[in-house]
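Numbering (full-length UniProt numbering), first residue to last: 1 to 491.
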Amino acid sequence: MSFNTLGLRDEILTAISEAGYTEPTPIQQQAIPVVLQGRDLMACAQTGTGKTAGFTLPILQLLSQKNSSKSQVKHQDKRSNRRPVRALILSPTRELAAQIHENLFTYSQYLKLRSLVVFGGVSINPQMMKLRGGVDILVATPGRLLDLEKQNAVDLSHVEYLVLDEADRMLDMGFIHDIRKVLAKVPPKRQNLLFSATFSKEITALATTLLDNPASVEIERHKPASEQVTQELYFVDKARKRELLSHLMELEDWQQVLVFCRTKHGANRLTEYLNEKGILASAIHGNKSQGARTRALAEFKSGNLRVLVATDIAARGIDIEELPFVVNFDLPSVPADYVHRIGRTGRAAATGKAVSLVCIDEHKLLKDIEKLLKAEIPRMVIDGFEPDPSIKAEPIENGRNNRGGRRPSSRRNSAKAGDTKPKGDAPQKRQSKNNKPQNAGGSANQGQSNGSKNKPAATNVKRREAVKHRENSHNDQPKRRQRRSKNRAND
């Protein structure tokens, strides 16, 4: 099958041909006709299957058709005389959002359509200015989109096409509440497209509320143990992982290596170590500025950067053709993430290599991963790096307790800041030994001085005496000042 048979405009066909697209992938073959028919779509497809073109190409086709008809007048915002947002694409991460927008820009270069990407981590003002100019297609992360909407910088009342990309990841990152807020702000009559790597119960429940009689497309999942990806595993002490990675890179002359770490701090430490060893490396994670992440990714893609160290969430949206090496410096806490990681290499007809460095703390994680794979990862040995059998397993430092999303407000934190007081059954900082509630307005320390169980009446007496003492002290201040002045005069 060729793209010419899918009913796309010549301008789009020219753009994708210049980008090197020859034949549509399975997800594109199935999704594009459904979207062009105006139906809602629920698609199960992993990263690397070409799913982005599966929803962006038909949306460009539909929008450009309406632009060329008289209905364009209908889509002009009469209040501001600017183009309203007609297609909204939600993405879980900045990197994936940027990747989608980059593809949109490529596909639409011969169309009279405007697109924009917005995400957090950068100044909101330039994004607001660009929105004022009007855009047809908006790619956004949920949090930043709601920030812009709250400041009246974006109007979602004209949205005709809504896309949730990597919906499973958005739910994992805690964006479900933000998604619901967005759904409440877009028109009820619209075309909805949901793309997910899995069809879990949560995704099915979301689809039930979002989609109207959708078509379902499911692309066969990548085999976890793809023949195109060579998997290797090295048992090594945690303290010697960095040394082993450096040794393997020099021994086998690895170039363009994507390394996964569990935590941001771990990614920073590994990057510093590799640079000290003369191996050019950079890290991307949530604490890095968007500018730094974009530069690092661009240098890595171009081959100027030898190693890119990333956390799982920051790596979403990294799409590099023929990436040769993926290293699991830390095993992921979720077995399915292992499949996502090694799926970054060995794409299309290319071959790749996935190497895992496993310490004794991670044996349980390895067992879960191999259970998912239904296969044992080949063990390799490097002389001099054998693990010390006397070292005992320790709890794993997990960097995914907060997997992103917008942090909920904390009553405890606000109480510490003095903004609110605990209400109802909320625990107090300190209580009397008999656990009886203290009088309203009483000090947290009262009732505990000298270890005695003071009664409320005694507490009130002490409080009145303290007030009286302060009043007497206040009344005595003029007299003390007079005495001090007289003493100075005598001196």
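Cβ coordinates follow ideal geometry from the N, Cα and C atoms, glycine included.
What you are looking at is a predicted structure, and each value in this text was computed from that prediction instead of being measured.
On the DSSP bridge list, what partners appear for residue i?
| i | result |
| --- | --- |
| leucine 194 | Met42 and Leu164 |
| asparagine 328 | Phe260 and Ser356 |
| tyrosine 234 | Leu357 and Met380 |
| isoleucine 284 | Ala310 |
| glutamine 218 | For the sequence presented, residue 218 should be read as glutamate rather than glutamine. Note: glutamate 218 sits in a beta bridge opposite Cys44. |
| leucine 88 | Leu138 and Leu162 |
| residue 492 | A question about residue 492 goes unanswered here, because the residues of the chain that appear run from 1 up to 491. |
| valine 229 | Gly352 |
Drop a sphere of 10 angstroms on the beta-carbon of residue i, count the other beta-carbons inside from all chains shown, and report buried for 16 or more, exposed for fewer.
| i | result |
| --- | --- |
| phenylalanine 325 | buried |
| proline 332 | buried |
| isoleucine 382 | exposed |
| asparagine 103 | buried |
| glycine 20 | exposed |
| phenylalanine 105 | exposed |
| leucine 323 | buried |
| glutamate 23 | exposed |
| arginine 132 | exposed |
| leucine 251 | exposed |
| proline 378 | exposed |
| asparagine 328 | buried |
| arginine 344 | buried |
| methionine 173 | buried |
| proline 58 | buried |
| leucine 308 | buried |
| glutamine 37 | exposed |
| serine 452 | Low local confidence applies: a pLDDT of 40 at serine 452 is under 50, so the model's placement there is unreliable, and no value is given. |
| methionine 380 | exposed |
| histidine 363 | exposed |
| methionine 1 | exposed |
| glutamine 127 | buried |
| aspartate 10 | exposed |
| histidine 265 | exposed |
| glutamine 231 | buried |
Are the CB atoms of residue i and residue j nearer to each other than 8 Å?
| i | j | result |
| --- | --- | --- |
| valine 154 | glutamine 290 | no |
| arginine 190 | leucine 171 | no |
| aspartate 168 | threonine 208 | no |
| valine 135 | leucine 156 | no |
| valine 35 | leucine 193 | yes |
| leucine 280 | leucine 305 | yes |
| valine 139 | serine 108 | no |
| glutamine 228 | alanine 350 | yes |
| lysine 241 | leucine 365 | no |
| phenylalanine 260 | arginine 341 | yes |
| leucine 8 | glutamine 61 | yes |
| serine 246 | lysine 277 | yes |
| leucine 183 | leucine 148 | no |
| arginine 39 | proline 214 | yes |
| isoleucine 89 | leucine 113 | no |
| leucine 146 | valine 118 | no |
Identify, in the order they occur along the chain, each residue of the same chain with its Cβ nearer than 7 Å to the Cβ of residue i, setting aside the five sequence neighbours on each side.
| i | result |
| --- | --- |
| serine 216 | Met42 |
| alanine 31 | Leu41, Ala43, Gly54, Phe55 and Val217 |
| aspartate 368 | Pro335 |
| glutamate 202 | Leu171 |
| isoleucine 16 | Phe3 and Tyr107 |
| histidine 474 | In this prediction, histidine 474 has a pLDDT of 49, which is less than 50 and means its spatial position is unreliable; nothing more can be read from the coordinates. |
| isoleucine 320 | Lys301 |
Could you say which of the options lies nearest to residue i if we only look at CA atoms?
| i | options | result |
| --- | --- | --- |
| alanine 98 | Ala87, Leu111, Gly120 and Leu146 | Gly120 |
| proline 26 | Gly7, Lys51 and Leu36 | Lys51 |
| aspartate 165 | Leu206, Ser2 and Gln61 | Leu206 |
| proline 187 | Asp368, Ala267 and Ala87 | Ala87 |
| serine 390 | Leu113, Glu227 and Asp237 | Asp237 |
| aspartate 361 | Met249, Leu245, Ser115 and Lys392 | Lys392 |
| isoleucine 12 | Glu160, Tyr110 and Ser196 | Tyr110 |
| isoleucine 124 | Leu258, Pro58, Gln28 and Thr141 | Thr141 |
| threonine 263 | Gln255, Asp330 and Ser302 | Asp330 |
| glutamate 370 | Glu160, Asp337 and Glu386 | Asp337 |
| proline 33 | Asn213, Thr345 and Phe3 | Phe3 |
| glutamine 255 | Glu243, Phe300, Ile100 and Arg9 | Phe300 |
| glutamate 386 | Ala239, Met249, Lys181 and Lys374 | Ala239 |
| glutamate 160 | Ser302, Asp253, Leu63 and Leu113 | Leu63 |
| histidine 158 | Arg82, Phe175 and Ile176 | Arg82 |
| alanine 375 | Leu233, Gly352, Arg180 and Glu394 | Leu233 |
| leucine 372 | Val339, Arg180 and Ser196 | Val339 |
| glutamate 272 | Asp388, Gly286 and Glu243 | Glu243 |
Sorry if obvious, but does the Cβ on residue i come closer than 7 Å to a heavy atom of the ligand FAD?
| i | result |
| --- | --- |
| phenylalanine 105 | Although the ligand FAD was asked about, the structure shown includes no ligands whatsoever. |
Leaving out the 5 sequence neighbours to the left and right, which residues in its chain are closer than 6 Å to residue i when beta-carbon positions are compared?
| i | result |
| --- | --- |
| isoleucine 284 | Arg293, Ala296, Ala310 and Ala314 |
| isoleucine 219 | Pro26, Ile27, Ala45 and Thr49 |
At a Cβ threshold of 8 Å, is residue i touching chain B?
| i | result |
| --- | --- |
| leucine 193 | Absent here is chain B; the protein component of the structure consists of one chain. |
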